[in-house]
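Protein chains: 2
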Amino acid sequence: MRDVAALARVSVKTVSRVVNDEPGVKPELRLRVQQAANRLDYRPNLTASNLRRSSGRTRSVGVLLQDISNSFSSALLRSLEDEARERGVAVLAASLDEDADRERALVADLVARRVDGLVLMPASDRQDYLGADLRAGLPTVFVDRAPRGVEADAVTVDNVNGAVTATGHLLDHGHTRIAYLGDATTIRTAADRLEGYRRGLAAAGVSVPEELVVTGLRTPDAGQEAMARLLALPNPPTAVFAGRNTVSIGVVRALRQADCQDCMAVVGFDDFPLADILQPALTVIRQDVGRIGACVGDLLFRRLDGDTSEPRHVLIQPTLVPRGSGELPVRR
Amino acid sequence: MRDVAALARVSVKTVSRVVNDEPGVKPELRLRVQQAANRLDYRPNLTASNLRRSSGRTRSVGVLLQDISNSFSSALLRSLEDEARERGVAVLAASLDEDADRERALVADLVARRVDGLVLMPASDRQDYLGADLRAGLPTVFVDRAPRGVEADAVTVDNVNGAVTATGHLLDHGHTRIAYLGDATTIRTAADRLEGYRRGLAAAGVSVPEELVVTGLRTPDAGQEAMARLLALPNPPTAVFAGRNTVSIGVVRALRQADCQDCMAVVGFDDFPLADILQPALTVIRQDVGRIGACVGDLLFRRLDGDTSEPRHVLIQPTLVPRGSGELPVRR
DNA sequence: TGCGGCGCTGACAACGTTGTCGAGATCATG
DNA sequence: CATGATCTCGACAACGTTGTCAGCGCCGCA
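Going down the list, the protein sequences come from chains A and B.
Each residue of the first sequence is one higher than the one before, starting from 2 at the first, in my numbering.
Each residue of the second sequence is one higher than the one before, starting from 2 at the first, in my numbering.
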């Protein structure tokens with residue numbers, strides 16, 4: 002900027018005025034400055050600008066999700082990115098992989114980078130460590146999992162209810178030996194889905210077949226293996242409730258390998274691309290990602306615009322999307 | 002920082018030394034400073050730090066892909082993010098949606114934010130606008146599409162060859178009426194795939210059935226509609242080469258709707274999750290995302306570490322993954 | 001002609017941090 | 001005890017930018 006000022010024979014302040022399109026500069030000078038800036042390939046330094054500017058805003062937000070390559074997370078990220086771009090806000094994104102230490106480290110990094118806001122799908126049990134930053138006014142929206150130990154905006158899905166619906170749907174089609182395959186119960190959403198499964202069975206007076214409950218599954222491979230083991234039981238289930246999209250995929254693979262797609266009813270939690278063109282098409286409990294993303298963006302940017310009202314908690318009801326796999330009858 | 006210094010009764014410089022773990026501070030003072038920092042919830046300001054630091058590094062990189070929610074882009078982003086995190090580098094991500102203006106605007110923004118490096122899947126025809134920044138030493142790696150008008154590192158896939166392979170595979174199974182469904186030919190990769198399709202047919206002495214060539218398809222819906230139209234022709238194709246993953250999905254949907262999965266051979270460009278459990282499983286030309294990501298990361302971080310050698314261009318050969326849909330015989 | 005006001009410009013300080021350098025204290029050595 | 005080396009610490013400037021304010025010239029008006 003100094004060089005530009007020198008070349009245009011003006012002060013740095015005038016250059017600043019020109020690059021920021023501020024009024025009060027003679028057209029002739031403005032032109033001279035622009036030409037000088039062009040000649041020198043001048044590039045404004047936003048970080049310095051942010052430092053000096055009164056607002057202290059960096060026009061950037063941090064988004065911490067579990068796994069950016071998962072279809073749910075990437076759709077969410079995309080939806081936030083679109084809202085951010087409209088407002089000229091950049092998005093810093095990272096994956097947590099259910100690692101609480103990584104979560105703390107990344108949050109600290111984002112805070113040090115002075116992001117204007119934070120979207121967090123927490124991996125940690127409690128987020129007390131965020132207390133000071135929240136009190137200091139860091140706009141933060143929790144997504145998919147509610148905050149614990151601190152108060153903040155949140156957009157979550159009614160996992161218990163969704164799982165009750167899924168289980169009830171299978172019960173309605175005559176199944177009683179219903180397996181549950183899901184992630185580790187240390188993860189709140191997974192625990193809630195398992196809870197919903199238990200409640201659904203209990204409501205129908207069916208006792209939980211504990212040998213058909215498998216947790217700790219994260220990847221398609223783990224889901225596939227678990228499903229294969231269930232198929233090999235002397236008295237296998239007639240239906241499966243898969244607790245998350247990656248597990249559903251593993252289940253479908255295992256059934257296909259055993260040539261058993263039509264002998265086992267399946268309902269999955271989480272919709273995903275192509276679930277509708279599997280054969281049979283997969284019945285799922287859908288969390289409307291678009292709506293979740295819109296809610297999160299809305300809450301976040303409202304805070305950025307200065308809203309300091311009480312933290313809000315939006316609970317989104319997932320919906321059953323019957324496609325075929327969940328409507329299969331009991332077969333032996 | 003001033004406040005911490007005051008509370009600990011030391012100079013700001015000493016606080017700086019403590020928070021940066023620099024040697025030469027008495028343990029007693031160090032402790033006092035740490036306690037003061039804790040009491041005041043002090044958070045270092047990385048942007049100010051970057052500004053002052055000699056290196057001028059922001060420890061951040063920009064990643065501009067076409068659509069972060071597409072499985073190919075999100076897998077790529079994830080792989081880059083992992084490499085970046087290992088090095089304590091943050092990732093700024095955004096989607097271009099084939100919009101050249103947006104590309105220029107976002108690049109300008111990232112440059113203003115002083116990212117240390119850039120990964121770009123360009124939407125624009127030429128990237129001359131990047132010349133000044135490249136000359137100024139901005140490490141930049143092009144991915145999926147080679148740079149035009151400037152010289153820079155690039156990791157691309159041999160699209161022509163992949164398409165020749167796909168077409169040849171269908172020819173080998175007896176097909177001659179092979180349709181091509183792909184994206185707009187203004188997109189280089191799409192043009193290359195169409196070119197490969199033409200060459201594959203020519204090599205076998207088969208003339209191109211122009212009425213079966215459809216371009217300008219971007220979404221699954223567009224692909225589905227185009228496929229449906231082809232099915233309604235008096236003399237429909239017996240095989241389809243789908244030029245990208247979203248189009249493949251549309252094609253499969255249309256075939257399924259017409260209950261024609263087994264009467265039409267399909268090869269898709271791009272692998273995607275679940276392609277293997279469709280029925281029939283989808284034969285694809287696979288671009289190894291993991292390898293692409295690793296190459297890009299390798300090139301980028303080597304530049305960040307000071308490598309100033311000539312720009313390198315890595316050409317990755319895609320591979321045919323036969324799964325069933327591409328091996329179907331001619332049926333009428 | 002004098003004066004207030006407005007349009008334009010630049011000097012200066014400040015944002016939060018770190019590199020440089022020098023001052024004082026402490027220590028080992030002869 | 002003197003000397004020099006080392007260790008610890010702080011004052012100051014600087015990174016690239018913008019907010020503040022003052023100054024200059026010019027215009028219109030009484």
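In this text, a Cβ means the ideal position worked out from N, Cα and C, and glycines have one as well.
(message) Cutting at 6 angstroms between CB atoms, please list the residues of its own chain near A:D272, excluding the five before and the five after it.
(response) Taking the first sequence and counting its residues from 1, the one referred to as residue 272 of chain A is at position 271. Closer than 6 angstroms at the Cβ level, and outside the excluded window around A:D272, lie V285, R287.
(request) Assuming A:F242 contacts A:T168 (C-beta within less than 8 angstroms), just tell me the rounded distance between them. (result) By 1-based counting over the first sequence, the position of residue 242 of chain A is 241. By 1-based counting over the first sequence, the position of residue 168 of chain A is 167. 6 angstroms between Cβ atoms; contact.
(request) Report the option in A:I250, A:E87, A:A133 whose CA atom is closest to the CA atom of B:N39. (result) Taking the first residue of the second sequence as position 1, residue 39 of chain B is located at position 38. With distances taken between Cα atoms, B:N39 lies closest to A:A133.
(request) Quick one: give me the first and last residue of the alpha helix (DSSP H) that B:H170 is part of. (result) Counted from its first residue, the second sequence places residue 170 of chain B at position 169. Run containing B:H170: 160–173, per the alpha helix (DSSP H) assignment.
(request) Using a Cβ-Cβ cut-off of less than 7 angstroms, give me the residues of the segment 79–104 of chain B that come near chain A, in sequence order. (result) R79, E82, R86, A91, V92, L93, A94, A95, S96
(message) Alpha carbons only, please: which of B:G325, B:E104, B:L279, B:L213 is nearest the one belonging to B:N236?
(response) Stepping through the second sequence from its first residue, residue 236 of chain B is reached at position 235. Put simply, of B:G325, B:E104, B:L279, B:L213 the residue whose alpha carbon is nearest the alpha carbon of B:N236 is B:L213.
(message) Going by DSSP, what residue range makes up the alpha helix (DSSP H) through A:L1?
(response) No information on residue 1 of chain A is available, as it lies outside the stretch 2 to 333 that chain A covers here.
(request) Output, in sequence order along the chain, the residues in the segment 112–132 of chain A whose CB is closer than 8 angstroms to any CB in chain B. (result) V112, A113, R114, R115
(message) Can you tell me whether A:G150 is buried or exposed? The criterion is at least 16 other CB atoms within 10 Å of its CB, across all chains shown.
(response) Numbered from its first residue, the first sequence carries residue 150 of chain A at position 149. A:G150 is exposed by the Cβ-count criterion.
(message) Let me make sure I understand the geometry here. Which of B:V11, B:L305, B:S72, B:S326 has the alpha-carbon closest to that of B:G138?
(response) Counting from one through the second sequence, the residue named residue 138 of chain B turns up at place 137. Of the listed residues, the one whose Cα sits closest to B:G138 is B:L305.
(message) Taking CB distances under 9 angstroms as the criterion, tell me whether A:P323 reaches chain B.
(response) As a position in the first sequence, residue 323 of chain A is number 322, starting the count at 1. So no, A:P323 is outside the interface.
(request) Taking a Cβ distance cut-off of 8 angstroms, strictly less, list which residues of the segment 237–269 of chain A are near chain B, in chain order. (result) I250, V253, R254, R257
(message) Less than 7 angstroms between C-beta atoms, sequence neighbours within five positions excluded: which residues of the same chain meet that for B:I293?
(response) Working through the second sequence from its first residue, we reach residue 293 of chain B at position 292. The residues are L77, V144, V156, I317.
(request) Just confirm the distance between the C-beta atoms of B:M265 and B:A227, as a whole number of angstroms; I'd bet it's less than 8 angstroms. (result) As a first step, residue 265 of chain B must be located in the second sequence, where it is residue number 264. As a first step, residue 227 of chain B must be located in the second sequence, where it is residue number 226. That pair is no contact at about 13 angstroms.
(message) Tell me which residues share the same chain as B:A191 and place their Cβ nearer than 8 angstroms to its Cβ, disregarding the 5 neighbours each side in the sequence.
(response) Numbered from 1 along the second sequence, position 190 holds the residue referred to as residue 191 of chain B. Counting only Cβ-Cβ distances below 8 angstroms, and skipping sequence neighbours, we find G183, D184, A185, T216, G244, R245.
(request) Check whether the Cβ atoms of A:A59 and A:R3 sit closer than 9 angstroms, and answer yes or no. (result) Taking the first sequence and counting its residues from 1, one reaches residue 59 of chain A at position 58. Taking the first sequence and counting its residues from 1, one reaches residue 3 of chain A at position 2. Per the sequence shown, residue 59 of chain A should be read as Thr rather than Ala. Contact: no.
(request) Excluding the 5 residues preceding and the 5 following B:V158 in the sequence, name in chain order all residues of the same chain whose CB lies nearer than 6 angstroms to its CB. (result) By 1-based counting over the second sequence, the position of residue 158 of chain B is 157. Contacts found: Q288, I317, P319.
(request) Inspect the beta-carbon positions of A:V90 and A:V297 and report whether they are closer than 9 angstroms. (result) Here residue 90 of chain A refers to the residue found at position 89 of the first sequence. Here residue 297 of chain A refers to the residue found at position 296 of the first sequence. In this structure, A:V297 does not lie closer than 9 angstroms to A:V90 by Cβ.
(request) Can you tell me which of the three DSSP states B:I293 falls into? (result) Numbered from 1 along the second sequence, position 292 holds the residue referred to as residue 293 of chain B. In this structure, B:I293 counts as helix in the three-state DSSP scheme.
(request) Would you mind working out which of A:P210, A:L8, A:T187 sits nearest A:L234, comparing C-alpha positions? (result) Along the first sequence, one-based indexing puts residue 234 of chain A at 233. Comparing Cα-Cα distances from A:L234 to each of A:P210, A:L8, A:T187, the minimum goes to A:P210.
(request) Could you name the residues of the segment 35–52 of chain B whose beta carbon sits closer than 7 angstroms to any beta carbon of chain A, in the order they occur along the chain? (result) D42, R44, P45, N46, L47, T48, A49, N51, L52
(request) Return the bridge partner residues of A:R287 from the DSSP annotation. (result) For the purposes of this step, residue 287 of chain A is identified with residue 286 of the first sequence, where counting begins at 1. A:T320, per the DSSP bridge assignment.
(message) Let's test the definition: count the other Cβ atoms within 10 Å of the Cβ of B:R194 and tell me whether it reaches 16, buried, or not, exposed.
(response) Mapped onto the second sequence, residue 194 of chain B falls at position 193. The residue is buried, with at least 16 neighbouring Cβ atoms inside 10 Å.
(message) Considering only their Cβ atoms, is the gap separating A:V248 from A:A223 smaller than 9 angstroms?
(response) The residue you call residue 223 of chain A lines up with position 222 of the first sequence. The residue you call residue 248 of chain A lines up with position 247 of the first sequence. Yes, they are a contact pair.
(message) Between the segment 101–110 of chain B and the segment 252–261 of chain B, can you find at least three pairs of beta-carbon atoms closer than 8 angstroms?
(response) Segments in contact, no.
(request) Output the distance between the C-alpha atoms of A:D126 and A:N160, rounded to the nearest integer angstrom. (result) Locating residue 126 of chain A in the first sequence gives position 125, counting from the first residue. Locating residue 160 of chain A in the first sequence gives position 159, counting from the first residue. Approximately 17 angstroms, taken between the alpha carbons.
(request) Determine, using beta carbons only, whether A:I69 comes closer than 9 angstroms to chain B. (result) If you number the first sequence from 1, residue 69 of chain A lands on position 68. True, the Cβ-Cβ gap to chain B drops below 9 angstroms.
(request) With DSSP collapsed to three states, give me the class of B:V207. (result) To locate residue 207 of chain B, count along the second sequence from 1; it is residue 206. When DSSP states are grouped into helix, strand and coil, B:V207 belongs to the coil group.
(request) Would you decide whether B:G327 is buried or exposed? Buried here means 16 or more other CB atoms lie within 10 Å of its CB. (result) The residue labelled residue 327 of chain B in the question sits at position 326 within the second sequence. Buried.
(message) On the criterion of 16 or more Cβ atoms from any shown chain inside 10 Å, does A:L32 qualify as buried, or is it exposed?
(response) As a first step, residue 32 of chain A is located in the first sequence; it is residue number 31 there, counting from the start. Burial call: exposed.
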